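**Student:**
Protein chains: 2
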Amino acid sequence: MKIAVLGGDGFVGWPTCLHLSAQGHEVHIVDNLSRRWIDTELGVQSLTPMDSIQERTRIWHQETGHRIRFHLIDIARDYDVFKHWLIEHRPDAVIHFAEQRAAPYSMKSDRHKNYTVNNNVNATHNLLNALVETDIDAHLVHLGTMGVYGYSTIGAAIPEGYLPVGIETLSGETVSQDILYPANPGSIYHMTKCLDQLLFQFYAKNDGLRITDLHQGIVWGTHTDQTRRHAQLINRFDYDGDYGTVLNRFLIQAAIGYPLTVHGTGGQTRAFIHIQDSVRCIEIALKNGPSRGDKVKIFNQMTETHRVRDLAEMIAKMTGSEIAYLPNPRKEAPENELIVKNEQFLALGLNPTTLAEGLLSEVVDVAKKFAYRVDRSRVPAVSAWTKDIAPTLNRDPEGKKLKSVS
Amino acid sequence: MKIAVLGGDGFVGWPTCLHLSAQGHEVHIVDNLSRRWIDTELGVQSLTPMDSIQERTRIWHQETGHRIRFHLIDIARDYDVFKHWLIEHRPDAVIHFAEQRAAPYSMKSDRHKNYTVNNNVNATHNLLNALVETDIDAHLVHLGTMGVYGYSTIGAAIPEGYLPVGIETLSGETVSQDILYPANPGSIYHMTKCLDQLLFQFYAKNDGLRITDLHQGIVWGTHTDQTRRHAQLINRFDYDGDYGTVLNRFLIQAAIGYPLTVHGTGGQTRAFIHIQDSVRCIEIALKNGPSRGDKVKIFNQMTETHRVRDLAEMIAKMTGSEIAYLPNPRKEAPENELIVKNEQFLALGLNPTTLAEGLLSEVVDVAKKFAYRVDRSRVPAVSAWTKDIAPTLNRDPEGKKLKSVS
Ligand SMILES: NC(=O)c1ccc[n+]([C@@H]2O[C@H](COP(=O)([O-])OP(=O)(O)OC[C@H]3O[C@@H](n4cnc5c(N)ncnc54)[C@H](O)[C@@H]3O)[C@@H](O)[C@H]2O)c1
Ligand SMILES: NC(=O)c1ccc[n+]([C@@H]2O[C@H](COP(=O)([O-])OP(=O)(O)OC[C@H]3O[C@@H](n4cnc5c(N)ncnc54)[C@H](O)[C@@H]3O)[C@@H](O)[C@H]2O)c1
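Here the protein sequences line up with chains V and L, keeping their order. Counting in UniProt numbering, the first sequence runs from 1 upward without gaps. Counting in UniProt numbering, the second sequence runs from 1 upward without gaps.
1) Is there a Cβ from chain V that is less than 7 Å from the Cβ of G155 (chain L)?
2) I want to check one thing, is the minimum distance from the CB of G13 (chain L) to the heavy atoms of ligand 2 below 6 Å?
3) Would you kindly work out how many angstroms separate the C-alpha atoms of I248 (chain V) and P380 (chain V), rounded to a whole number?
4) In its own chain, which residues sit with a C-beta less than 7 Å from the C-beta of P15 (chain V), not counting the 5 before and 5 after it?
5) Where K403 (chain L) and H263 (chain L) are concerned, what is the direct C-alpha to C-alpha distance, given to the nearest angstrom?
6) When the cut-off is 7 Å and only beta carbons count, does D178 (chain L) lie next to chain V?
7) Taking buried to mean at least 16 other C-beta atoms within 10 Å of its own C-beta, is T212 (chain L) buried or exposed?
8) Drop a sphere of 10 angstroms on the beta-carbon of Y372 (chain L), count the other beta-carbons inside from all chains shown, and report buried for 16 or more, exposed for fewer.
9) Does the Cβ of G168 (chain L) have 16 or more other Cβ atoms within 10 Å, making it buried, or fewer, making it exposed?
10) To which residues does DSSP link A156 (chain L) through a beta bridge?
11) Short of 9 Å Cβ to Cβ, which residues in the region 195-224 of chain L face chain V?
12) Around the C-beta of S46 (chain L), are 16 or more other C-beta atoms found within 10 angstroms, so that it is buried, or is it exposed?
13) Following the continuous beta strand (DSSP E) through A324 (chain L), name the residue where it begins and the one where it ends.
14) Just how far apart, CA to CA, sit E335 (chain L) and T392 (chain V)?
15) CB H139 (chain V) to CB A93 (chain V), shorter than 7 Å?
16) In terms of alpha-carbon separation, which member of V:A98, V:D51, V:M146 and V:E173 lies closest to M302 (chain V)?
17) Smallest Cα separation from I73 (chain L): which of L:N119, L:K113, L:L20 and L:I282?
18) Listing by chain order, which chain L residues have their CB less than 7 Å from the CB of A183 (chain V)?
19) Are the CB atoms of L209 (chain L) and A285 (chain L) within a distance shorter than 7 Å?
20) Below 7 Å between beta carbons: does that hold for E160 (chain L) and K331 (chain L)?
21) Quick check on the DSSP output: what are the complete alpha helix (DSSP H) runs of length 4 or more inside the region 345-375 of chain L, in order along the chain?
22) Between L128 (chain L) and Y203 (chain L), is the Cβ-Cβ spacing less than 7 Å?
23) Shortest alpha-carbon distance to H66 (chain V) belongs to which of V:P49, V:H25, V:L359 and V:T192?
24) Pick helix, strand or coil for N120 (chain L), following the three-state DSSP scheme.
25) If you count every other CB in all the chains shown that lies within 10 Å of the CB of Q197 (chain V), and 16 or more means buried, which is it?
26) Please state the DSSP three-state secondary structure of R67 (chain L).
27) Whole alpha helix (DSSP H) runs in the region 13-90 of chain L with 4 or more residues, listed along the chain?
28) Using 7 Å as the limit for Cβ to Cβ distance, is H28 (chain L) near chain V?
29) Determine which residues of the region 118-143 of chain L have a Cβ less than 8 Å from any Cβ of chain V, and write them out in chain order.
30) Let me check you understand the geometry: is the CB of Q344 (chain V) closer than 6 Å to at least one non-hydrogen atom of ligand 1?
31) Would you mind giving the Cβ-Cβ distance between I188 (chain L) and T116 (chain L), rounded to the nearest angstrom? I have them listed as a contact below 8 Å.
32) Which word fits W385 (chain L), buried or exposed, when buried means at least 16 other C-beta atoms lie within 10 angstroms of its C-beta?
33) Output the distance between the C-alpha atoms of F70 (chain V) and Q201 (chain V), rounded to the nearest integer angstrom.
34) So, is the C-beta of M191 (chain V) closer than 7 Å to a C-beta in chain L?
35) Between which two residues does the alpha helix (DSSP H) carrying E313 (chain V) extend?
36) State the DSSP-derived secondary structure class of Y216 (chain L), mapped to helix, strand or coil.
And the structure:
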């Protein structure tokens, strides 16, 4: 199969490309390398020493004989270039990772809010628009987020995408409609994924596009079977306050002897999935696409849920770290339960890697191994959700005030 | 009150500005005049001879002594310019009309789809973003559309914005949540209004913005008490296949002796409101805004519903025109019932002008009066919703084939 991987230079995109290439698919990465530019903007870098995309694909070819081609295109800004690329390559499937994906980055300033909305809405809409225009019947697999299910804060089990709702008709009977689970996003970033959902719904209905949307939990872990094959195939590992997800930041804090910083009470329950499982889910989703005329197929791509404070305790126990409770930069419910349905992937053969099994290797093989590369001033989360929250944050980079808190 | 009217040069915006100015408010129009540019692009013009915005405001001042100021700003493209304008003027209220509002135009080509998404999403998001950034606690009144209620095709009574939905929590009890009425838009244009809704919901929740969204039906009628005061204050009247709404196109067809072109069976039921009532609703909404921290206030801004074929018959009876049934360029249910709740405006004093009362004056005072200005080749609807539909459309501008159909 010829597969276009939009955003294939990113954290989930890169191991996905290797996984699909190893299976013999013809993989084309389309990426504008904006994520590398954002590293430059923020003055941060991946914990793991990450090569250029050109170098990485060269090594992959040298190690395996497989070719992954790279195409530098901004799919949000260069509609015409991208459309002509599609006409030339006519992929059988398109995997769409190409969005700004950090909630804190999306809330950093008005400029970052605008960038996130623009980049993500246009990336998705340009893609849909171009598929219709070029008459390419490719299966589109998009990475959404668990964050579209905002009402999870009321403690309901989260279905896979759709909620059956009874609507009373004029004749008095109640008709059941499967509606998109009501959106209630918690950040500009998450909101863009809710906008994406409506775009998908429209294009599936109006133009018969075949679309799968994967509502993914927080991805953890660094290595997959393929990235392990050569030091220069290593995946990126973000630990900064904007792009580092909660688990990565705990790992790094543990590795450098900094207290694990829990926001608020740490009662927020989040959903997780290991990078190896994420890559495998994408492979499964690719093979099980909807037919023309079907509604958008939605999977929940996660394997377990944890409260943030429980995660901190798990890592503290493993590493002997302290835990510090800090004000929450996010505007969100302090505590929430979360039960997520993920029967579809389990039924299709997913066999999850659990945190309990995989965490120690992350501590030793990744966080401790590369701890010498950490810039400790970049670990705290400094992007506030509102102007009222901003002054309450402890931005002390050296953690002096922190220590007294813990 | 100091009121910024974004899109104040448009069909609904202009009479709104006059109405509010006549009541003594300080009115500022912010418009990029893109609608006039689109007339140029399409080679069409308003049926009514419409002056420049500078000339119109000059006449208004001459007639009434009131000043309406005009500011040429593209709020979708020039975020910084607009933000600085807000800082300088600090309005008490902002009325947001500034979007590309024609469904057929939004479906014309890939370029038009992209333009509509970009212009509308960015106009709305830039406004919200800038209000937060500048800390201006203005009441934002936005014009939405009845088209956000896509599931109306199943024949349900449409509530004002929210649908109570029972969600089962983990403890087994069912909690009722008022969700945004599930979106199921029928065109790219309508979809952008669904995206707007999510943007509003987020900014009301996260930043406490005070927002009212008015889901408006098709606006008909040309004159209001204020536009009647001087020939050069006249409102625009669109009759072309892209911007002319169904009623305006019937009126023009009747005036030039062309058959009234009904798409499909004409069984589509649509909601309507007279321009004088629309302007009055906006005044009422302005006075009855939500408080900081409230959810978005949503009104249905319409006064009556009609099937398209019944409208055609009403006008045929009045004018002696024939009716021609043509293939529908839209992808939509051929027949739908529609009952819309609009108790809120009625309770606040709206006293509707009915089609039965007002239609004759539109035929005589507007359509017949200005019929000499009609370009008959511009009346047919030529924008197809899908590539499959396009070849089925009868684009014969002279209506020769048409006549044989009727
Ligand atoms: N990492 C997670 O924990 C996680 C969780 C849930 C969902 N997701 C989703 O999965 C997808 C991939 O996430 P990730 O962690 O790999 O993110 P990432 O930032 O590492 O990768 C995204 C890639 O897309 C590229 N990109 C962005 N905008 C582009 C544009 N306009 N044109 C071309 N390329 C563009 C970037 O350069 C980057 O290489 C995202 O859509 C994200 O929202 C990720
Ligand atoms: N006319 C109707 O029947 C109807 C029905 C339902 C809803 N609405 C909504 O009411 C609003 C006004 O409708 P209308 O019929 O007056 O439309 P219109 O096209 O006549 O007016 C819109 C105005 O906004 C301006 N504009 C567009 N993009 C802009 C931008 N980026 N920056 C600054 N100005 C911009 C245009 O130049 C134009 O003057 C629209 O949002 C429309 O969706 C209209």
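Glycine is no exception: its CB is placed at the ideal position from the N, C-alpha and C atoms. Computed from a predicted structure; not experimentally measured.
**Tutor:** By the coordinates alone:
1) yes
2) yes
3) Note that residue 248 (chain V) is Asn in the sequence shown here, rather than Ile. Whole-angstrom Cα-Cα distance: 12 Å.
4) T224, Q226, T227, N235, I275 and V279
5) Confidence is the limiting factor: at K403 (chain L) the pLDDT is only 45, short of 50, which leaves the residue's position unreliable, though a coordinate-based value still follows. Rounded to whole angstroms, K403 (chain L) to H263 (chain L) spans 15 Å at the Cα level.
6) no
7) buried
8) exposed
9) The sequence given here places Glu at residue 168 (chain L); Gly does not occur at that position. Its Cβ having fewer than 16 others within 10 Å, E168 (chain L) is exposed.
10) V:T169
11) L195, L198, L199, Q201, F202, K205, N206, D207 and G208
12) buried
13) I323 to L326
14) 56 Å
15) yes
16) V:M146
17) L:N119
18) L198
19) no
20) no
21) 355-361
22) yes
23) V:H25
24) helix
25) buried
26) coil
27) 13-22, 34-42, 53-64 and 79-89
28) no
29) N118, V121, N122, H125, N126, N129, A130, V132, E133 and D135
30) no
31) 5 Å
32) buried
33) 30 Å
34) yes
35) V308 to T319
36) Sequence check: residue 216 (chain L) is Gln here, not Tyr. Note: Q216 (chain L) maps to strand in three-state DSSP.
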